[in-house]
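Numbering (our numbering) for the sequence shown: 6 to 79. Below is one structure, written out as structure tokens, with a few remarks after it.
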Amino acid sequence: MRVIRINTTAYSEEDFFLMTTLTDDQISDALDSFLFNQRFGEDSYDNEDLFRALTLAYPNEKVIMYNEIETLQL
Numbered sequence: 006m007r008v009i010r011i012n013t014t015a016y017s018e019e020d021f022f023l024m025t026t027l028t029d030d031q032i033s034d035a036l037d038s039f040l041f042n043q044r045f046g047e048d049s050y051d052n053e054d055l056f057r058a059l060t061l062a063y064p065n066e067k068v069i070m071y072n073e074i075e076t077l078q079l
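Here it is as structure tokens:
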């Protein structure tokens, strides 16, 4: 398992985090069509749509979405 930050726009406040067993290629394969269509004005999406696409594309993998990650400062 790993935690990865997903950045799809120029706005960091729209980023989200995944704890997942997916590879970078699997994530890209599942999300590229959403991103392509939105960038050319054909469709819109939100982070929940992207998360849903990942879980539908890879139902046997672990995918947990977080909008924010807590920080422990010691």
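Quick reminder that beta carbons are idealized off the backbone N, C-alpha and C, glycines included.
Host alpha helix (DSSP H) of residue i (start-end)
i: THR25; result: Note, THR25: premise wrong, no alpha helix (DSSP H); beta strand (DSSP E) at 21–25.
Span of the beta strand (DSSP E) around residue i
i: TYR50; result: Here TYR50 belongs to no beta strand (DSSP E), and DSSP marks it neither H nor E.
According to DSSP, residues forming a beta bridge with residue i
i: TYR71; result: PHE22
i: ILE11; result: PHE21
Beta-carbon separation (whole angstroms), residue i vs residue j, contact threshold 8 angstroms
i: THR25; j: VAL68; result: 5 angstroms
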